[in-house]
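A short write-up of the structure that comes next.
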Amino acid sequence: MIRINLLPPEIKQARRLARQQLYLGIAVGCLVLLLVLGNLFLRWQTVRIRQHVDVVQKQREAVEVSVQEHEPYVDLQAQMQGRRSLLQQVMGAPPDWVTVLRRMGEDIPEHVWLTDLRLTAGAADEEGEDRPGDMMMRGYTYDHTDTADWLDTVQKMSGVEDVRCSFSVEESYGRFLVVEFEVSSLLPPGDEFAPPEAGDDD
Numbered sequence: 004m005i006r007i008n009l010l011p012p013e014i015k016q017a018r019r020l021a022r023q024q025l026y027l028g029i030a031v032g033c034l035v036l037l038l039v040l041g042n043l044f045l046r047w048q049t050v051r052i053r054q055h056v057d058v059v060q061k062q063r064e065a066v067e068v069s070v071q072e073h074e075p076y077v078d079l080q081a082q083m084q085g086r087r088s089l090l091q092q093v094m095g096a097p098p099d100w101v102t103v104l105r106r107m108g109e110d111i112p113e114h115v116w117l118t119d120l121r122l123t124a125g126a127a128d129e130e131g132e133d134r135p136g137d138m139m140m141r142g143y144t145y146d147h148t149d150t151a152d153w154l155d156t157v158q159k160m161s162g163v164e165d166v167r168c169s170f171s172v173e174e175s176y177g178r179f180l181v182v183e184f185e186v187s188s189l190l191p192p193g194d195e196f197a198p199p200e201a202g203d204d205d
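End of the sequence shown sits at 205 in our numbering; the numbers just go up one at a time, nothing left out.
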């Protein structure tokens, strides 16, 4: 079957133009709708970003206030740290006084009497290394053998080095004959001095 369109060309042209305008209107409408939706999305994102910026700004202001409130404590802590460092530098690494004195008290024989005891910490050298300290003790015994025994005892003590007898001489003490001695040694540096931390009870 053959279909024949008897409409005039003007009408067909008008219908074609109408369809094109309809399609163009739909496309323009879609584009406008997309632009409106995009604009709404951007506004929503802008509101969210502004809210986030407000929260961050408030947090920053709170932090600044907190920093200002704690600034005196920070300065005080810095001063304390500086004084701790200075004290540690001044004290250096002192000999182990406690161990030396405790061992002397425990090991000294009954027939040895000390009349003078001097303990000196060594000062740091030009390179900052701690030098050994000195220990000097004087006292009396009954004879030179007792002096030698005491010298051996001191040599075996921990925290003592280079023990030597400066002299051991007999002398009269009232009606008795006793031996006066002098023993000296080096005291090696101990552990580096550690100032107590704030709040330590030890």
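All C-beta atoms, glycine included, are put in the ideal place defined by N, C-alpha and C.
Can you check which of these residues, 32, 67, 191, is closest to residue 134 by C-alpha distance?
Here residue 134 is taken as the residue at index 131 of the sequence shown, counted from 1. Comparing Cα-Cα distances from residue 134 to each of 32, 67, 191, the minimum goes to 191.
Quick check on the burial criterion: 16 or more other C-beta atoms within 10 angstroms. Buried or exposed for residue 153?
Stepping through the sequence shown from its first residue, residue 153 is reached at position 150. The residue is buried, with at least 16 neighbouring Cβ atoms inside 10 Å.
Note down, in chain order, each residue of its chain lying with its Cβ closer than 6 angstroms to the Cβ of residue 158, except the 5 sequence neighbours on either side.
Taking the sequence shown and counting its residues from 1, one reaches residue 158 at position 155. Answer for residue 158: 166, listed in chain order.
Can you tell me whether residue 205 is buried or exposed? The criterion is at least 16 other CB atoms within 10 Å of its CB, across all chains shown.
Within the sequence shown, the letter at position 202 stands for residue 205. Residue placement at residue 205 is poorly supported in this model, since its pLDDT is 49, which falls under 50; the coordinates still yield a value, given next. Flag for residue 205 reads exposed.
How long is the line joining the alpha carbons of residue 25 and residue 37, rounded to whole angstroms?
The sequence position of residue 25 within the sequence shown is 22, counting from 1. The sequence position of residue 37 within the sequence shown is 34, counting from 1. C-alpha separation (whole angstroms): 18 angstroms.
How many angstroms separate the CA atom of residue 112 from the CA atom of residue 99?
Within the sequence shown, residue 112 is the residue found at index 109, counting from 1. Within the sequence shown, residue 99 is the residue found at index 96, counting from 1. Each residue's CA atom was taken as its position, placing residue 112 and residue 99 some 22 angstroms apart.
Could you compute how far the alpha carbon of residue 103 sits from the alpha carbon of residue 73?
Numbered from 1 along the sequence shown, position 100 holds the residue referred to as residue 103. Numbered from 1 along the sequence shown, position 70 holds the residue referred to as residue 73. The alpha-carbon atoms of residue 103 and residue 73 are separated by roughly 45 angstroms.
Pairwise C-alpha distance: residue 21 and residue 60:
For the purposes of this step, residue 60 is identified with residue 57 of the sequence shown, where counting begins at 1. For the purposes of this step, residue 21 is identified with residue 18 of the sequence shown, where counting begins at 1. If you take the alpha carbons of residue 60 and residue 21, they lie about 57 angstroms apart.
Separation of residue 118 from residue 174, as counted between CA atoms:
As a first step, residue 174 is located in the sequence shown; it is residue number 171 there, counting from the start. As a first step, residue 118 is located in the sequence shown; it is residue number 115 there, counting from the start. Rounded to whole angstroms, residue 174 and residue 118 show a C-alpha spacing of 15 angstroms.
Do residue 179 and residue 170 have their C-beta atoms closer together than 8 angstroms?
For the purposes of this step, residue 179 is taken as the residue at position 176 of the sequence shown. For the purposes of this step, residue 170 is taken as the residue at position 167 of the sequence shown. Not a contact, by the Cβ cut-off of 8 angstroms.
Residues of its chain near residue 138, where Cβ-Cβ distance is below 6 angstroms and the 5 sequence neighbours each way are ignored:
Here residue 138 refers to the residue found at position 135 of the sequence shown. Counting only Cβ-Cβ distances below 6 angstroms, and skipping sequence neighbours, we find 122, 188, 190.
How many Å lie between residue 58 and residue 23 at the Cα?
Locating residue 58 in the sequence shown gives position 55, counting from the first residue. Locating residue 23 in the sequence shown gives position 20, counting from the first residue. Near 52 angstroms, if we compare the C-alpha coordinates of residue 23 and residue 58.
Are there 16 or more other CB atoms within 10 angstroms of the CB of residue 142, so buried, or fewer, so exposed?
As a working mapping, residue 142 is identified with position 139 in the sequence shown. By the neighbour-count rule (16 or more Cβ atoms within 10 Å), residue 142 is buried.
Could you check the C-alpha separation between residue 53 and residue 86 for me, to the nearest Å?
Within the sequence shown, numbered from 1, the residue matching residue 53 stands at position 50. Within the sequence shown, numbered from 1, the residue matching residue 86 stands at position 83. C-alpha separation (whole angstroms): 48 angstroms.
Top-ranked residue by Cα proximity to residue 1, from 160, 168, 145:
Residue 1 cannot be examined here, being either before or after the span of the chain that is shown, 4 to 205.
Return the chain-ordered ranges of every alpha helix (DSSP H) run that is complete within the segment 107-172 and spans a minimum of 4 residues.
Counting only runs of 4 or more, we get 147-158.
C-beta contact flag for residue 156 and residue 110 at 8 angstroms
Indexing the sequence shown from 1 puts residue 156 at position 153. Indexing the sequence shown from 1 puts residue 110 at position 107. Yes, the pair counts as a contact, with Cβ atoms nearer than the cut-off.
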